[in-house]
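Heads up: the sequence lines are chains W, E and F, in that order. Per the UniProt record's numbering, the first sequence starts with residue 1, numbered consecutively. Per the UniProt record's numbering, the second sequence starts with residue 1, numbered consecutively. Per the UniProt record's numbering, the third sequence starts with residue 1, numbered consecutively. In this text, a Cβ means the ideal position worked out from N, Cα and C, and glycines have one as well. Source: prediction; values computed, not measured.
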Amino acid sequence: MSNTTTDDSLITTEVQADSNDDRAAPAAGTAVAARDLNVFYGDEQAIDDVTMEIPEKRVTALIGPSGCGKSTFLRCINRMNDMIEICRVEGDVEFGGKNVYGPNVDPVALRRKIGMVFQKPNPFPKSIRDNVAYGLKIQGYDGDVDARVEESLKGAALWDEVKDQLDSSGLELSGGQQQRLCIARAIAPDPEVILMDEPTSALDPVAASKIEDLIDDLAEEYTVIIVTHNMQQAARISDRTAVFLTGGELVEYDDTAKIFEDPEEQRVEDYITGKFG
Amino acid sequence: MATDNPNADGFGEVSRVRGIAFEYLSFGASVFGLVALGVLLVYVAIDAFDLANASPEWLLTYFLTLVGPFLAFCLYSANDPEVTRRALGALGGGLVVVAALFSAIEAFVAPIPRLNWQLAYLFVVAAPTTAYLAYVGSRGRLGAVGFGLLGRLVGGVAIGLAVGTLFLVFDALLWFLAYTLGVLPAVGLYAFGRVRSAPRARTAAAPVGLVGLTAAVFLRDVVATYPSDLIIYLWTIAVPVAAAGALLVADRSGRTAGVLVGGLPLAVATAGGFLAAGAGLPAPTVLLVLVLTGVPTAAYVSRVVDVGEGVVGLALPFLLAAGVIVGALIVEALGVPAPDPWLDASYLTEAPSRTPSEAGLYPAIVGSVIIIAMVAVLSFALGVGTSVFLEEYTPESGPLGTLTRILQVNVANLAAVPSVVYGLLGLGLFANLLGLGIGTAVTAALTLSLLILPITIISAQEAIRSVPDDLRRGSDAMGATRWQTTKNVVLPEAMPGILTGTILALGRAIGETAPLIMIGAATTVFRAPDSLFSRFSAMPMQIYTWAGFPQADFRYGVVAAGVITLLIILVGMNGSAILLRNRAERGS
Amino acid sequence: MTDSTESPDLTRRGGLTRLKEGTYGGLFAACAAITLLTTAAIFVTLLSDAVVFFRSISIVEFLTGTNWSPNPAGGGQAFGIIPLLIGTLTVTFTAALISIPIGTLTAIYLSEYATPNARSILKPLLEILAGIPTVVYGYFALVYITPALKATLFPEMSTFNALAASIMVGIMTIPMVSSISEDAMSAVPDELRQAGYGLGATKFEVSTGIVVPASISGIASSYILAVSRAIGETMIVVVAMGAQARMPEIQEAAFGIPFINPADVLLESGMTITVAMVQITGGDLTGGTLPYNSMFALGLALFAVTLVMNVISDIIAQRYREEY
Numbered sequence: 001m002s003n004t005t006t007d008d009s010l011i012t013t014e015v016q017a018d019s020n021d022d023r024a025a026p027a028a029g030t031a032v033a034a035r036d037l038n039v040f041y042g043d044e045q046a047i048d049d050v051t052m053e054i055p056e057k058r059v060t061a062l063i064g065p066s067g068c069g070k071s072t073f074l075r076c077i078n079r080m081n082d083m084i085e086i087c088r089v090e091g092d093v094e095f096g097g098k099n100v101y102g103p104n105v106d107p108v109a110l111r112r113k114i115g116m117v118f119q120k121p122n123p124f125p126k127s128i129r130d131n132v133a134y135g136l137k138i139q140g141y142d143g144d145v146d147a148r149v150e151e152s153l154k155g156a157a158l159w160d161e162v163k164d165q166l167d168s169s170g171l172e173l174s175g176g177q178q179q180r181l182c183i184a185r186a187i188a189p190d191p192e193v194i195l196m197d198e199p200t201s202a203l204d205p206v207a208a209s210k211i212e213d214l215i216d217d218l219a220e221e222y223t224v225i226i227v228t229h230n231m232q233q234a235a236r237i238s239d240r241t242a243v244f245l246t247g248g249e250l251v252e253y254d255d256t257a258k259i260f261e262d263p264e265e266q267r268v269e270d271y272i273t274g275k276f277g
Numbered sequence: 001m002a003t004d005n006p007n008a009d010g011f012g013e014v015s016r017v018r019g020i021a022f023e024y025l026s027f028g029a030s031v032f033g034l035v036a037l038g039v040l041l042v043y044v045a046i047d048a049f050d051l052a053n054a055s056p057e058w059l060l061t062y063f064l065t066l067v068g069p070f071l072a073f074c075l076y077s078a079n080d081p082e083v084t085r086r087a088l089g090a091l092g093g094g095l096v097v098v099a100a101l102f103s104a105i106e107a108f109v110a111p112i113p114r115l116n117w118q119l120a121y122l123f124v125v126a127a128p129t130t131a132y133l134a135y136v137g138s139r140g141r142l143g144a145v146g147f148g149l150l151g152r153l154v155g156g157v158a159i160g161l162a163v164g165t166l167f168l169v170f171d172a173l174l175w176f177l178a179y180t181l182g183v184l185p186a187v188g189l190y191a192f193g194r195v196r197s198a199p200r201a202r203t204a205a206a207p208v209g210l211v212g213l214t215a216a217v218f219l220r221d222v223v224a225t226y227p228s229d230l231i232i233y234l235w236t237i238a239v240p241v242a243a244a245g246a247l248l249v250a251d252r253s254g255r256t257a258g259v260l261v262g263g264l265p266l267a268v269a270t271a272g273g274f275l276a277a278g279a280g281l282p283a284p285t286v287l288l289v290l291v292l293t294g295v296p297t298a299a300y301v302s303r304v305v306d307v308g309e310g311v312v313g314l315a316l317p318f319l320l321a322a323g324v325i326v327g328a329l330i331v332e333a334l335g336v337p338a339p340d341p342w343l344d345a346s347y348l349t350e351a352p353s354r355t356p357s358e359a360g361l362y363p364a365i366v367g368s369v370i371i372i373a374m375v376a377v378l379s380f381a382l383g384v385g386t387s388v389f390l391e392e393y394t395p396e397s398g399p400l401g402t403l404t405r406i407l408q409v410n411v412a413n414l415a416a417v418p419s420v421v422y423g424l425l426g427l428g429l430f431a432n433l434l435g436l437g438i439g440t441a442v443t444a445a446l447t448l449s450l451l452i453l454p455i456t457i458i459s460a461q462e463a464i465r466s467v468p469d470d471l472r473r474g475s476d477a478m479g480a481t482r483w484q485t486t487k488n489v490v491l492p493e494a495m496p497g498i499l500t501g502t503i504l505a506l507g508r509a510i511g512e513t514a515p516l517i518m519i520g521a522a523t524t525v526f527r528a529p530d531s532l533f534s535r536f537s538a539m540p541m542q543i544y545t546w547a548g549f550p551q552a553d554f555r556y557g558v559v560a561a562g563v564i565t566l567l568i569i570l571v572g573m574n575g576s577a578i579l580l581r582n583r584a585e586r587g588s
Numbered sequence: 001m002t003d004s005t006e007s008p009d010l011t012r013r014g015g016l017t018r019l020k021e022g023t024y025g026g027l028f029a030a031c032a033a034i035t036l037l038t039t040a041a042i043f044v045t046l047l048s049d050a051v052v053f054f055r056s057i058s059i060v061e062f063l064t065g066t067n068w069s070p071n072p073a074g075g076g077q078a079f080g081i082i083p084l085l086i087g088t089l090t091v092t093f094t095a096a097l098i099s100i101p102i103g104t105l106t107a108i109y110l111s112e113y114a115t116p117n118a119r120s121i122l123k124p125l126l127e128i129l130a131g132i133p134t135v136v137y138g139y140f141a142l143v144y145i146t147p148a149l150k151a152t153l154f155p156e157m158s159t160f161n162a163l164a165a166s167i168m169v170g171i172m173t174i175p176m177v178s179s180i181s182e183d184a185m186s187a188v189p190d191e192l193r194q195a196g197y198g199l200g201a202t203k204f205e206v207s208t209g210i211v212v213p214a215s216i217s218g219i220a221s222s223y224i225l226a227v228s229r230a231i232g233e234t235m236i237v238v239v240a241m242g243a244q245a246r247m248p249e250i251q252e253a254a255f256g257i258p259f260i261n262p263a264d265v266l267l268e269s270g271m272t273i274t275v276a277m278v279q280i281t282g283g284d285l286t287g288g289t290l291p292y293n294s295m296f297a298l299g300l301a302l303f304a305v306t307l308v309m310n311v312i313s314d315i316i317a318q319r320y321r322e323e324y
């Protein structure tokens with residue numbers, strides 16, 4: 001415990017935000033926007049007055065030390081925080097121009113338009129096919145299910161590995177494959193936004209890099225919002241980066257290259273270079 | 001617990017005598033109840049099977065023809081020289097020790113009533129060794145196949161008998177109409193929808209089925225002529241079971257195998273049914289037993305043959321049957337004096353009687369089966385509903401959270417209410433206030449359902465709670481409604497646990513007597529109940545009645561046989577519950 | 001693939017979907033409501049008939065009467081609960097003498113001494129003791145235990161007696177004591193044990209001097225539950241104890257202190273509250289008679305006692321859960 005500081009300074013990142021220049025042009029519209037968002041867990045404030053606009057068909061990374069509210073923010077977008085009883089949300093989160101916390105909004109209907117991938121792969125204990133078809137089934141999809149399953153598995157770069165074993169259990173796959181299965185499950189109902197909550201933190205580096213490649217491809221069609229504690233990962237895959245610091249404060253939000261090369265805020269620079277956090 | 005430490009020079013020693021004495025004392029306490037129960041069970045088994053009159057020759061004969069080959073099979077399957085050595089050592093050494101010890105006690109202390117050293121050997125050494133070897137043997141490939149086949153045979157017969165019993169009470173003609181007009185079209189539509197991916201056909205299945213069922217109820221008294229019972233069972237149960245088996249196998253190992261697996265048992269069962277009808281036996285039951293045993297057995301054999309491992313294990317049932325037959329032949333040929341067990345075929349198929357040797361348990365068994373079937377449906381539905389409500393639908397805090405806690409405390413308190421009080425509830429509420437009748441099967445079923453409901457709820461809650469939250473959140477995030485998450489993710493995962501808990505609770509219900517007495521269940525009935533509203537008796541009720549008879553033959557014979565029957569059914573139920581749980585644990 | 005609609009439809013679904021959701025929610029709530037209704041029904045059923053009973057027989061007479069004969073041949077019914085209380089207390093006390101020490105020792109063995117392997121075998125086996133139908137225990141007591149006791153220790157014992165029944169009730173309630181006590185002992189944090197060993201205590205001293213006192217509230221709650229179970233036990237006593245509501249002879253010892261010879265109640269037949277209820281069912285069950293109503297008065301007494309004990313045990317158990 002005593003040598004944490006030295007360790008931290010050792011892993012000071014030499015990041016190069018190079019990868020996503022092709023999509024950096026600010027042509028895109030806004031997919032999700034937060035306005036004066038405050039979130040409380042009981043008496044404790046988890047998000048402190050956050051306002052930000054997330055562009056569509058881009059990868060937006062939310063980074064920050066643990067407990068900074070980045071996951072909470074992610075879960076506000078598809079109202080997964082509703083499941084936590086002591087959670088209270090003030091302010092607006094707009095999705096497609098509508099406030100998701102507005103009256104008459106059904107969180108279930110909202111979640112059908114927003115996919116989510118969790119930290120730990122959580123395929124259902126069903127066959128691979130049923131896993132991917134799950135969203136279609138619950139939404140009463142009446143088209144060709146098998147075609148959509150194939151399309152989604154291809155979209156998640158998993159098809160070639162599992163096409164001969166679609167009826168075997170999703171739990172028989174390796175961790176990385178399971179996570180890609182979860183991504184296939186999320187994109188099968190054709191959502192507009194995909195939320196990813198530290199999707200690679202439970203995986204080995206090889207599996208994680210496959211997921212990173214996949215995220216890059218997904219941004220062609222979807223708006224991807226990813227929470228990560230891994231700054232290199234944010235630098236590699238995201239177009240925009242939002243830095244949250246303790247107390248749920250959004251300290252800086254800009255193009256990824258700007259954040260990692262020339263941040264406005266001293267605190268952000270300290271965090272990125274490992275002096276803090 | 002080493003008391004002396006050779007390296008400890010100069011530290012001295014702390015006495016452990018008290019500690020060691022205490023350890024043995026507490027171990028003794030742990031097994032005290034079990035040993036007491038074991039001894040009592042040995043005595044009741046001796047009484048039920050009249051083993052006190054079993055001659056040593058008789059025991060030896062069956063030991064050689066039945067037990068010996070079985071042990072050899074298990075040892076062969078285990079294929080472990082160490083186990084073989086230990087087993088033979090235990091069997092041989094145990095013989096000497098038990099004989100010597102027993103004779104010593106008889107000679108120096110006091111004669112032990114109704115026990116001789118052969119029986120002591122049987123229960124103290126042979127039976128545990130056999131059980132242990134069966135366990136070890138069943139873990140080998142060969143044994144797994146053999147016991148799997150044996151299990152399907154026994155289970156098929158038990159389920160066939162139980163289903164046949166249920167149709168004594170439920171209206172077969174109504175079932176015939178309901179199946180033909182409602183169940184069949186609905187299942188057909190659904191299957192069509194699945195295969196052709198036509199969702200409309202699938203959605204139509206439920207309404208069509210409902211319309212059919214309603215029509216069946218209306219037509220029940222309008223239609224004048226019905227096919228015979230045998231044809232009804234053939235059409236509504238035997239054919240669908242065979243078809244299901246055939247489809248399952250055809251999917252796995254080709255059409256020919258499928259046709260064989262479905263067709264062969266169906267043909268045998270049909271032939272058996274008609275033969276039984278000719279011979280005056282209960283033809284529908286024969287048909288049901290044959291088809292419910294035959295199809296799973298055939299499917300299992302086909303799979304074992306496909307896999308091609310441990311095929312020899314399939315011989316186990318034949319080995320046991322041959323052992324029984326050969327043993328019987330030898331006993332017959334040599335004129336070996338054989339015991340005359342109280343628990344025999346006529347005991348299970350005859351009505352009670354004042355004469356001990358003619359007394360039977362049949363009407364009570366039928367009563368128990370009918371009540372348990374109703375209790376199973378009721379307590380399962382109510383238990384799952386309540387536990388889903390408590391675990392998935394109500395929050396843990398806030399005003400609704402208070403309601404959850406009240407419900408929870410209430411369930412816990414209901415579990416501790418004495419069963420005799422539930423009997424009063426049944427008498428006051430169901431029998432008298434609601435007019436369901438004193439001592440009727442339906443009153444008993446409702447009373448017992450409420451009695452085991454708290455146990456079912458608590459175990460179902462545990463099963464639902466053990467479903468990882470990850471899965472729920474995954475489903476919620478896909479935009480599933482609460483019911484969709486419950487139906488598609490939570491219940492399938494929790495189902496093995498829920499079923500295990502329900503079966504264990506049913507075990508409690510099948511042995512309950514006090515509530516039955518309170519609702520005025522008959523102490524003895526001479527005919528099996530033929531409707532839900534007829535007076536009935538149940539196994540524990542009959543045991544209670546007979547235990548009060550003054551004749552020794554009732555106390556030590558007839559009741560002992562009833563106790564053993566009840567315990568065997570209990571062991572069967574609990575055993576299948578445990579198998580179910582183990583299988584689910586292995587699966588996940 | 002995405003065909004970004006400007007304004008996604010997020011409104012609540014109408015009609016069928018909501019109806020379906022509501023129906024299922026309502027169905028489950030109804031199931032849960034049945035458990036509450038059961039409690040209410042027990043109260044109402046017991047109370048309504050008991051009230052009728054207490055209109056004819058005053059509560060004081062009921063609680064202090066020393067004669068119980070609801071259906072006498074020659075008339076002159078009497079409804080005094082004292083002989084039944086004596087019977088119930090005899091059985092409960094004797095059973096507790098068996099189940100409490102044995103159950104506690106079992107719990108200590110399982111929690112402190114047994115290897116994980118032995119524990120995994122012993123625990124389910126012990127549960128069997130609670131799973132045997134009670135009528136079977138009653139039968140065992142009547143045809144095996146009583147003759148054995150008669151042949152060895154108590155030749156003058158009667159065929160129906162309280163002792164054999166109590167032994168069986170005791171054995172049946174062992175797992176109730178052992179499993180809850182063991183849970184409480186296993187919940188004692190290992191640091192406490194380590195502290196004891198660090199001071200040079202032996203395993204015996206740690207088990208009895210540290211673990212047992214630390215888990216005493218859980219152990220106490222298990223005792224109460226087992227006793228409550230023994231009070232409500234019916235079939236064992238019905239089969240093995242007979243059905244004679246007897247007042248034992250009250251003798252006077254030195255200095256005029258009254259006492260009851262234990263042999264008088266243990267070796268003779270007797271009657272518990274539950275037996276009295278069962279005995280009345282031999283008569284009219286359609287209701288309206290005094291014996292019928294007295295059954296519900298007894299049931300109410302039984303229900304109240306077991307409920308109170310259960311609540312007390314719950315409160316005690318709650319305390320140990322909060323401690324760690």
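DSSP has residue i in a bridge; who is on the other side?
| i | result |
| --- | --- |
| residue 63 of chain W | W:243 |
| residue 258 of chain F | F:252 |
| residue 430 of chain E | Its beta-bridge partners do not exist; DSSP assigns none. |
| residue 549 of chain E | Answer by DSSP bridge pairing: none, since residue 549 of chain E is not bridged. |
Could you check what DSSP says for residue i in three-state terms: helix, strand or coil?
| i | result |
| --- | --- |
| residue 342 of chain E | coil |
| residue 87 of chain W | strand |
| residue 114 of chain W | strand |
| residue 52 of chain W | strand |
| residue 112 of chain E | coil |
Can you list, in chain order, the residues of its chain whose CB lies under 6 Å from that of residue i, leaving out five sequence neighbours each side?
| i | result |
| --- | --- |
| residue 303 of chain E | none |
| residue 78 of chain E | 136, 137, 140 |
Which whole-angstrom value describes the C-beta separation of residue i and residue j, a residue pair presumed to lie in contact below a C-beta threshold of 8 Å?
| i | j | result |
| --- | --- | --- |
| residue 352 of chain F | residue 193 of chain F | A question about residue 352 of chain F goes unanswered here, because the residues of chain F that appear run from 1 up to 324. |
Problem set entry | Contact residues within the segment 384-414 of chain E, judged by C-beta distance below 9 Å to chain W | Cβ contacts with chain W come from 395, 396, 397, 398, 401.
Problem set entry | Proximal residues, the segment 194-222 of chain F versus chain E, C-beta separation under 7 Å | So the close ones are 202, 203, 204.
Exercise. Listed in chain order, which residues of the segment 83-101 of chain W have Cβ atoms closer than 8 Å to some Cβ of chain F?
Worked result: Against chain F - using a Cβ distance shorter than 8 Å - the residues of the segment 83-101 of chain W are 95, 96, 97, 98, 100.
Problem set entry | Selection of the segment 116-135 of chain F by Cβ proximity to chain E, strictly under 8 Å | So the close ones are 122, 125, 126, 128, 129, 131, 132, 133, 134, 135.
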